[in-house]
Amino acid sequence: MSRRMLRPAAVLPAALAVLVLAAPAAATTGGAVAPRQASAPAPLTPGPATTTTAPSLALRAAPAGRLLARLARGTRVTVECQRNGPLATTAAGATRVWARVRTATGRRGYVSDGYLATRTSALVAPYCGIGAAGPDPAVAGQGRCGSVSPFALIPPFADARQFVTAVAPAAQASRDTYGVPPSVTLAQAVLETGGGKVAALANNFFGMKAQNVAASTWRWEDLAGGCVFKKTWEVRAGRSATEIAAFRAYPTLEASVLDHGRRLATNPAYAAAFQHTDDPVRFLREIARRYATDPAYADKLLDLRRRYALAQYD
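Residues 1 to 314 in full-length UniProt numbering are what the sequence shown lists, from first letter to last.
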């Protein structure tokens, strides 16, 4: 697979637009998938958002902070940046994402992201207060996350079965290196990507996150090469809501699979699972206890393991 690394993405302009769709699925060859040979992902096109609440929406000095003004329904605004903040319950659902917006008259403030019509469920602006993306020159494997991947993106797969065929060799290599049953690796990859359709816009097939280790600094380790901010659903204290998380960015499919295996094998939270490497179902259940906030995560993985006959790869 090509390891062509692209120029790190600059901070996006204040913008709102529909994200560019990925190219059609590429054919697989011997289990490998060639990355799309693209230039740096295009920045979002500047454009207006519209407030959706009725009859008016609070414009605040900070997320859930002091009231600055009331915006009428249908007010056109430009999103300058987005960030996490206090939970807000909106007609679009619960969210912890807030947007700093600018009105046509130049007034600025924060509104809950759930009250904006943005034509996309993805982020439309950089994370507030974070500088340009790129590695830390002093410490390897960490730095600032960006809004687009630093690598050319692997196109989405035609269907889940094609995706499984492509990932299987890397899953078996992960078993040989780290002891993770391939059927578990494959089930997680299918679930986390919707059958190979979405990879966190970063060739990230397991929802692997970067760790926030200091102000504006995230650690992604050596198999990844950066990190990307993305909206995601999380369950906290029994409540589902959207929030922004930092996902690791990978140069290849194999790098993503091996990093997943290494994470499981080296994290003490998953040590109990490795007492059952000869029992993939037990291994899966042990992993699911800590891997995701979704209480139904294990059942979803078991369903996929059966549906796609993934045990054959063990």
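Using N, Cα and C, we set each Cβ at its ideal position, and we do this for glycine too.
Contact under 8 Å by Cβ, residue i with residue j
i           : j    : result
A88         : S112 : yes
E181        : F283 : Before going further, note that residue 181 is Pro rather than Glu in the sequence given. A contact, by the Cβ cut-off of 8 Å.
A160        : G196 : yes
K230        : F247 : yes
T51         : V77  : yes
T95         : A241 : yes
Y127        : I244 : yes
V79         : V124 : yes
residue 326 : C145 : Because the chain in this structure spans residues 1 to 314, residue 326 falls outside the shown range and cannot be described.
S149        : A210 : no
A187        : R263 : no
V108        : R100 : The residue you asked about is not Val; residue 108 is Arg in the sequence shown. Yes.
A69         : P86  : no
Contacts around residue i, its chain only, beta-carbon distance under 7 Å, and the 5 residues preceding and following it disregarded
i           : result
K300        : L191
T90         : S112, G114 and Y115
D294        : V235
residue 389 : Since the first residue shown for the chain is 1 and the last is 314, residue 389 is missing from the structure and cannot be characterised.
A298        : L284, R285 and A288
According to DSSP, residues forming a beta bridge with residue i
i    : result
S121 : Bridge partners of S121: none, in fact.
F229 : A246
E234 : A241
S56  : A72
T50  : R76 and A117
N212 : W218
G93  : T90
T103 : V77
G134 : R144
L67  : R60
Where residue i sits in the DSSP three-state scheme
i           : result
Y127        : strand
residue 316 : An answer regarding residue 316 cannot be provided, because it is not within the stretch 1 to 314 covered by the chain.
F283        : helix
P86         : strand
R73         : coil
S183        : helix
Q312        : helix
A40         : Any reading at A40 must be qualified, since the residue scores a pLDDT of 48, below 50, and its modelled position is unreliable; no value is offered.
S149        : coil
G194        : coil
V139        : coil
L21         : At L21 the pLDDT is 25, less than 50, meaning the model places this residue with poor confidence; the figure from the coordinates comes in the next sentence. Note: L21 maps to coil in three-state DSSP.
G261        : helix
R144        : strand
L302        : helix
L253        : helix
Proximal residues to residue i (C-beta, below 6 Å), its chain only, five neighbours per side dropped
i    : result
D136 : Q142 and G143
G30  : Below a pLDDT of 50, predicted positions are generally treated as unreliable, and G30, at 39, falls in that range; no measurement from the model is reported.
A255 : L223
T193 : A199 and F205
T75  : T51
R226 : Per the sequence shown, residue 226 should be read as Gly rather than Arg. Excluding residues within five positions, the ones whose Cβ falls inside 6 Å are P150 and A249.
Residues near residue i by beta carbon distance below 8 Å, same chain, minus five either side
i   : result
T53 : R73, T90, A91 and Y115
R66 : R60
Three or more C-beta pairs below 8 Å linking the region 269-279 and the region 287-295:
yes
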